[in-house]
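Participant: So the sequence shown is numbered by this note's numbering: it starts at 38 and just counts up by one. Please read through the structure below; I'll follow up with questions.
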Amino acid sequence: MTKKVFNIMFVALIFASLSIMSTFAQSAFLIATEYVPTDGKTDAIDAIQKLIDSNPNRTIVFPDGTYLVSRSILTPADPRKSVHLVLGNYAIFKAIGEWKDGGAVIRLGASNPANNISIPGSNYGIYGGIIDGSGVADGISIDGGRETRIENVSIKHTQVGVHIKTGANSGSSDADINNVNIVGNDSPTSIGVLIEGYDNTLSNMRIASVNKGVWMKSGGNSLRNIHPLYIFAKDQNYETSYGFIIESDNNWLNFCYSDQFATAFNIKKGVSVNLTDCFCFWYSGKVPFQTAIDAEGVFNSIVTGFRMGFHADCTKVTLLKAHKGGKGVLQNQIMPERKLSDEDISADYIK
């Protein structure tokens with residue numbers, strides 16, 4: 038066989054392999070750009086919604102590009118009708134218009150309500166890409182269903198980055214949120230993550246440009262390596278900023294890190310929480326106060342291995358603000374030598 042013939046056969050083999058791979062990709066995944074405009078000029082919401090509603094139990098791939106949407110994208114909660122969305126690393130779902138209806142750019146499990154994990158299709162969600170709220174919309178909400186996943190997504194310019202609503206399973210949403218980064222809209226009412234459903238797992242998240250980092254209104258949640266960062270902006274209000282707000286019992290936080298928020302961890306009255314190896318830090322001391330833990334009422338939480346990085350220029354720093362008489366414990370905490378404020382009662386709880 039001559040070298041020329043061999044090269045021709047080799048090239049033919051490559052083209053044949055590419056053709057087979059293309060055919061496989063088309064059968065295994067639904068490529069959205071065959072049906073949806075991605076020019077960054079045309080409102081794509083109707084085309085996207087039709088694609089979702091017409092293709093149950095499919096993985097729909099959105100290649101890189103800008104997909105404009107004038108209202109929320111809804112995915113089904115019913116496992117028989119659910120879809121899984123996969124976005125290219127530079128695929129952008131961008132809110133346009135005044136967004137009068139409110140809500141998130143993507144609402145997972147918002148149509149065809151169901152509470153069923155016994156049949157295939159219950160483990161749907163979104164993977165990858167960029168969700169841009171354009172300063173007016175929320176990012177992603179989980180409206181219904183169970184076993185919903187949000188993974189490797191970048192969320193920008195949102196009022197609420199991720200909103201886990203009350204779940205279908207007696208309030209439980211059973212969602213998993215991993216490797217998600219959020220940049221808010223710098224509003225004094227902006228929130229990174231709002232959790233209302235129970236029994237969720239969140240890990241490896243960075244949050245910035247919000248007034249409240251993570252707001253937990255429910256219990257049964259596990260958070261690990263969540264890092265909200267307060268950024269000073271003209272519309273922000275430092276005094277009302279919180280890294281973490283915990284409103285319900287039975288939440289576990291491990292290596293969660295509040296950065297520059299006025300109050301790092303706010304624990305509502307009557308609530309007990311487990312904080313393990315958590316951290317708070319202030320990069321600027323030009324603020325009226327810095328509070329590590331604010332327990333509204335007596336302190337009944339278990340805090341282990343807590344680290345504080347109060348700024349030297351701030352004159353009012355508090356490790357623990359609470360009423361006396363609780364059963365909580367502060368143990369193995371690490372902080373620089375500082376004179377604490379008159380409202381600090383940490384000495385009553387340190388073991």
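Using N, Cα and C, we set each Cβ at its ideal position, and we do this for glycine too.
What is the rounded straight-line gap between the Cα of D381 and the Cα of L357?
Facilitator: Cα-Cα distance, rounded: 5 Å.
Participant: Let me confirm a value: Y127 is counted as buried when at least 16 other C-beta atoms fall within 10 Å, else exposed. Which label applies?
Facilitator: Exposed, because fewer than 16 other Cβ atoms sit within 10 Å of the Cβ of Y127.
Participant: Output needed for D350: all residues of its chain with C-beta closer than 7 Å, excluding positions within five of it in sequence on either side, in chain order.
Facilitator: If we look at D350 and ignore the five residues flanking it on each side, its Cβ neighbours are G322, K323.
Participant: List in chain order: all unbroken beta strand (DSSP E) runs of 3+ residues lying wholly within the region 82-159.
Facilitator: 96-99, 102-106, 110-113, 121-124, 128-132, 141-148, all fully within the region 82-159.
Participant: Distance check for F326 and S148, CA to CA, integer angstroms please.
Facilitator: Computed Cα separation, rounded: 45 Å.
Participant: At 4 residues or longer, and completely inside the region 312-381: list those alpha helix (DSSP H) runs for me, N to C.
Facilitator: Listed in chain order, there is nothing to give.
Participant: Does DSSP put S383 in a helix, in a strand, or in coil?
Facilitator: S383 falls in the helix class under three-state DSSP.
Participant: On the three-state DSSP scale, how would you describe Y275?
Facilitator: Three-state result, Y275: helix.
Participant: Within the region 198-265, note down every full beta strand (DSSP E) run reaching 3 residues or more, in order along the chain.
Facilitator: The qualifying runs are 213-221, 228-232, 238-245, 249-253.
Participant: Quick check on DSSP: helix, strand or coil for T79?
Facilitator: Of the three classes helix, strand and coil, the one that applies to T79 here is strand, per DSSP.
Participant: Nearest by alpha-carbon distance to A332: which of F316, F292, G363 is it?
Facilitator: For the residues F316, F292, G363, the minimum Cα distance to A332 belongs to G363.
Participant: What are the start and end residues of the beta strand (DSSP E) that includes R183?
Facilitator: R183 -> no beta strand (DSSP E), and no H or E assigned at all.
Participant: Check each candidate in R117, I156, K271, E135 and name the one with the smallest Cα separation from R108.
Facilitator: Checking every option, the nearest Cα to that of R108 belongs to E135.
Participant: Note down, in chain order, each residue of its chain lying with its Cβ closer than 8 Å to the Cβ of I85, except the 5 sequence neighbours on either side.
Facilitator: Correct list, in chain order: A69, V73, Y104, V106, I110.
Participant: Note down, in chain order, each residue of its chain lying with its Cβ closer than 6 Å to the Cβ of V366, except the 5 sequence neighbours on either side.
Facilitator: Counting only Cβ-Cβ distances below 6 Å, and skipping sequence neighbours, we find I339, K388.
Participant: Please name the residue or residues paired with D286 in a DSSP beta bridge.
Facilitator: Answer is none; D286 lacks a bridge partner.
Participant: Pick from D180, L122, N274: whose alpha carbon is nearest that of E188?
Facilitator: Checked all of D180, L122, N274; the closest Cα to E188 is L122.
Participant: Closer than 6 Å by C-beta to V197: which residues in its own chain qualify, once you throw out the five before and the five after it? Chain order, please.
Facilitator: Excluding residues within five positions, the ones whose Cβ falls inside 6 Å are D175, I228, L231.
Participant: When you compare only the Cα positions, how much space is there between L290 and D296?
Facilitator: Straight-line Cα distance between these residues: approximately 15 Å.
Participant: Shortest alpha-carbon distance to C293 belongs to which of P116, P113, F316?
Facilitator: Of the listed residues, the one whose Cα sits closest to C293 is F316.
Participant: Do you know how far the Cα of A212 is from the Cα of T277?
Facilitator: Each residue's alpha carbon lies about 29 Å from the other.
Participant: Just to confirm the assignment, what range does the beta strand (DSSP E) spanning G162 have?
Facilitator: From DSSP, the beta strand (DSSP E) with G162 extends over 162-164.
Participant: Quick one: what's got a C-beta closer than 8 Å to L88's C-beta in the same chain, skipping five residues either side?
Facilitator: Once the five neighbours on either side are set aside, the close Cβ partners of L88 are L67, A69, Y72, V73, I97.
Participant: For a quick check, are the C-beta atoms of S191 and N218 less than 7 Å apart?
Facilitator: For S191 and N218, yes; Cβs fall inside 7 Å.
Participant: From the DSSP secondary-structure annotation, give me the bridge partner or partners of F302.
Facilitator: For F302, which the question treats as bridged, DSSP gives the partners F281, I330.
Participant: What is the rounded straight-line gap between the Cα of G166 and the Cα of W319?
Facilitator: Rounded to whole angstroms, G166 to W319 spans 31 Å at the Cα level.
Participant: Using the DSSP secondary-structure output, state which residues sit across from T70 in a beta bridge.
Facilitator: DSSP, once it has assigned bridges, lists no residue as partnering T70.
Participant: Measure from the alpha carbon of M253 to the alpha carbon of each residue in Y275, N262, K305, then state which is nearest.
Facilitator: Residue K305 is the option with its Cα nearest to M253.
Participant: Leaving out five residues before and five after D286 in sequence, what residues of the same chain have Cβ atoms less than 7 Å from its Cβ?
Facilitator: Within the same chain, D286 has close Cβ partners G256, V308, S309.
Participant: Tell whether a beta-carbon distance below 7 Å holds between R375 and F343.
Facilitator: No, Cβ-Cβ distance for R375 and F343 is not below 7 Å.
Participant: Could you give the distance in angstroms between the alpha-carbon of Q370 and the alpha-carbon of V354?
Facilitator: Roughly 15 Å between the two C-alpha positions.
Participant: Name the two residues that bound the continuous beta strand (DSSP E) containing Y294.
Facilitator: From DSSP, the beta strand (DSSP E) with Y294 extends over 294-296.
Participant: Skipping 5 residues on each side, what residues in its chain have a beta carbon closer than 7 Å to that of R261?
Facilitator: Taken in chain order, the residues that qualify are S240, N291, F292.
Participant: In whole angstroms, what separates the C-alpha of V120 from that of I82?
Facilitator: Taking the straight line joining both Cα atoms gives about 16 Å.
Participant: Please classify P157 as buried or exposed, where buried requires at least 16 other C-beta atoms within 10 Å of its C-beta.
Facilitator: Classification for P157: exposed.
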